Structures are given as structure tokens and as C-alpha cells.
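Heads up: the structure comes next, in C-alpha cells.
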Amino acid sequence: MEEIIDSIKKGDFGKILEYLNDILDIRLLMLGKTELTLGLFISLAVAVFLLFFVSELARKFLANKVLTRYKLEVGIRQSIATIFKYVLIILGLVTILQNSNVDLSALGILAGAIGVGIGFGLQNITNNFISGLIILFERPIKVGDRIEVNDVYGDVTKISARSTMVLTNDNISVIVPNSQFIDNAVINWSHNDRNIRFNIPVGVSYREDPSKIRKILLEVVKANEGVLNYPEPDVLFDQYNESSIDFNLRVWTSDYINKPGVLKSQLYYEIFRRFGEEKVEIPFPQRDLHIRSGLEKFTRS
Numbered sequence: 001m002e003e004i005i006d007s008i009k010k011g012d013f014g015k016i017l018e019y020l021n022d023i024l025d026i027r028l029l030m031l032g033k034t035e036l037t038l039g040l041f042i043s044l045a046v047a048v049f050l051l052f053f054v055s056e057l058a059r060k061f062l063a064n065k066v067l068t069r070y071k072l073e074v075g076i077r078q079s080i081a082t083i084f085k086y087v088l089i090i091l092g093l094v095t096i097l098q099n100s101n102v103d104l105s106a107l108g109i110l111a112g113a114i115g116v117g118i119g120f121g122l123q124n125i126t127n128n129f130i131s132g133l134i135i136l137f138e139r140p141i142k143v144g145d146r147i148e149v150n151d152v153y154g155d156v157t158k159i160s161a162r163s164t165m166v167l168t169n170d171n172i173s174v175i176v177p178n179s180q181f182i183d184n185a186v187i188n189w190s191h192n193d194r195n196i197r198f199n200i201p202v203g204v205s206y207r208e209d210p211s212k213i214r215k216i217l218l219e220v221v222k223a224n225e226g227v228l229n230y231p232e233p234d235v236l237f238d239q240y241n242e243s244s245i246d247f248n249l250r251v252w253t254s255d256y257i258n259k260p261g262v263l264k265s266q267l268y269y270e271i272f273r274r275f276g277e278e279k280v281e282i283p284f285p286q287r288d289l290h291i292r293s294g295l296e297k298f299t300r301s
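Residue numbers (UniProt numbering): 1 to 301.
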């Protein structure tokens, strides 16, 4: 150490380089016939870092610059770009190892030995990675889809190797492991198209005319810009309830798929207003008590 300090003070760069070469030539381990030195390890680490960095830049360039010329859907562009990134990384790793004269057979044996030791700990990661590949190839979900899985409801913003990013209505990003989309039932609200149907229950008093109620409800939904004219909205007589006769208002929409509660709220506000104008009675739970004649003696006493 003192010799190195003296060389630095004297400006003897030749001696300094000689010391650095000695340090970089320190052998860390043997990979078959390949001697893994500190210098080789640093070179491999830098090369792998640059490979991942460049592959990510290539993915973004392919998705945002090249594939946009072909008018593909966002989900398709992201899937193609992500698969291209994985292929680039695999080819790059093989090229780096070959150019570094690393014994790949010994590396395979080492990887197998390590895999046996930590395989159980990597089961979830491997499962999520394979699930991510299935999602990219089969495309049950894609970027921009409105999904619901395990109480998570929102828009898919990114699909990566291990997880998928979902943005909720509260502007909260939820990271969902990819295996959740394979192992559980997933509701995709926009898989085919963005037209979905909502059912809005409405109850009125037994004194009301069902034809009048149907007419009012259809007028309300047809006046709302968020409701589609086709398929046409409809009103079904649902059931005779204990305190009301119940109707089921069915409406189709594409504008409010991200915030269905907004459309329901608008319709409920307008229905309440129209019922007030038309003097339609909105019932509440009630009971009618009838006293049988044979029990009058007991009630009087």
C-alpha cells in the first residue's frame, strides 16, 4: 500500500497501472476452464448494465416511434416492444459471455446448482415472469383495458415481466403480480369494445301506474348524453316487493366505463326530480297490522 502511495506522489503512472493490473488480475473463482478475475467481473457487470439500459431504450423507441406508423393498438405495440426487449437481452447475454471466453458449460452447471438451492425462493418470481409472457402472447388484457381482479378496479397502464400496473379512479397505481391474472378470474370491461350495460333498480308505490313509470324512466335516460341510443335502453318490471313494485332500468354506455358511478348518480338525480314533478310516490318499508275479531276480548282487557 505504501508503494502505491509513493508511486502516486512521484507521478509514476507506469507503476500505478502495474498495481491496477495486479488488482484486476485477482482471481475470484474458476468457471470450468475460465478464470473469473476481478477485471473480467467488472467488465461483465458494466456490459450487462449497458445491455439492459440499451434494450429498454430500444423498447421505448420501437413502441413509441416505429410501431406508431402502422396504426396498431397501444396494447399490441407494447407487447411487441416488450418481447423484442426480452429477445435482445437474451441474445446480448449470450454474445457477452461468448466474447468474454466464459465456459458456458461450466456456467450452466453453476446455474443449475444455484437453481436447486434457491429454486423455492424464486418460485413466485418465475411464476410471475411466465405469467407475464402468457399475458403478452395471449393478450387477455392489454394496456388501456378497464379490468377488475381481486378487488382491484382500474385501467392497465403498463405490463412488465413480473407485474402489471393498474391505475384506479382515485389515481392510485396498484402493482398486481402477473400470476393473479392467470390464477384468478379477471373481469375485462373493455376486452371486445367499450360498450357496457348498467342495471339501475327503481322502486315505486303500489299506487303508481307501471306504464307511467316506464315512460318517465325512458324519458330520463334518453335525455342523458352518456346513454347510448343503440342498444336501446329498456325498463323491465322486476318484481312485487314487500313495500314497492320494482323496475329494472337497463342502459348502455361507452363514455362512463371508467366512472360508472357518475352516470348512475346523474340518472338517480334526474329520476328523483321527475318523480317529484309527476307526484310519484317513492315507498319505504312499512307494515299493515290487521286485528282479527276473535282477539278483540284480549285487546280490550
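Here a beta-carbon is modelled for each residue, glycine too, at the ideal position from N, C-alpha and C. As the structure is a prediction and not an experimental result, all values here were calculated from the model.
- Rounded to the nearest angstrom, the gap between the Cα atoms of Tyr153 and Tyr70 is 31 Å.
- The C-beta distance from Ser163 to Pro177 rounds to 5 Å, short enough to meet the 8 Å contact threshold.
- Taking all protein chains in view, the Cβ of Arg273 is surrounded by fewer than 16 other Cβ atoms within 10 Å, so the residue is classified as exposed.
- Looking at the DSSP output, Leu249 sits in a beta bridge with Ile200, Val235.
- Burial of Gly132 is indicated by the presence of at least 16 other C-beta atoms within 10 angstroms of its C-beta.
- When the five nearest sequence neighbours on each side are left out, the beta carbons in the same chain lying within less than 7 Å of the beta carbon of Gln180 are those of Val149, Asn150, in order along the chain.
- Look at the UniProt domain "Mechanosensitive ion channel MscS" (124 to 191) and you find these whole runs of alpha helix (DSSP H), each 4 residues long or longer: 179 to 183.
- With distances taken between CA atoms, Asp246 lies nearest to Phe284 out of Ile135, Gln78, Phe284, Leu72.
- Setting aside the 5 residues that flank it on each side, Ile26 is surrounded in the same chain by Thr37, Leu38, each with a C-beta closer than 7 Å to its C-beta; the list follows chain order.
- Ranked by how close their Cα comes to the Cα of Asp193, the residues Ser55, Asp145, Phe53 have Asp145 in first place.
- In the three-state scheme derived from DSSP, where H, G and I count as helix and E and B as strand, Arg214 is classed as helix.
- Remark: C-beta atoms of Asp155 and Leu136 do not approach each other more closely than 7 Å.
- Residue burial annotation: Glu208 is buried, with at least 16 other C-beta atoms found within 10 angstroms of its C-beta.
- When DSSP reads this structure, Leu36 sits in a beta bridge with Leu29.
- Inter-segment contact for the region 212 to 228 and the region 250 to 268 is present: three or more beta-carbon pairs are separated by less than 8 Å.
- By the CB criterion at 7 Å, Asn101 and Ile147 fall outside the cutoff.
- Under the three-state reduction of DSSP, Tyr230 is assigned to coil, being neither helix nor strand.
- Bridge partners of Tyr86 according to DSSP: none are assigned.
- With respect to Gln78, Ala63 sits close: the two C-beta atoms are nearer than 7 Å.
- For Val280, there is no enclosing alpha helix (DSSP H), since its DSSP letter is neither H nor E.
- A check of alpha carbon separations from Asp170 across Ala81, Asn258, Ile76 identifies Asn258 as the nearest.
- When DSSP states are grouped into helix, strand and coil, Tyr256 belongs to the coil group.
- Looking at the backbone, the Cα of Ile200 and that of Phe237 are separated by about 12 Å.
- Relative to the Cα of Phe198, the nearest Cα in the group Ser211, Leu249, Ile182, Ile213 belongs to Leu249.
- Cβ atoms of Phe41 and Leu28 come within 8 Å of each other, at about 6 Å.
- Our two residues, Ser243 and Pro210, have alpha carbons roughly 15 Å apart in a direct line.
- Excluding the 5 residues flanking it on each side, Val174 has same chain C-beta neighbours closer than 7 Å at Val152, Gly154, Val166, Thr168, in chain order.
- Assignment of beta-bridge partners to Tyr240 by DSSP yields Ile245.
- Around the beta-carbon of Asn21, fewer than 16 other beta-carbon atoms lie within 10 Å, marking it exposed.
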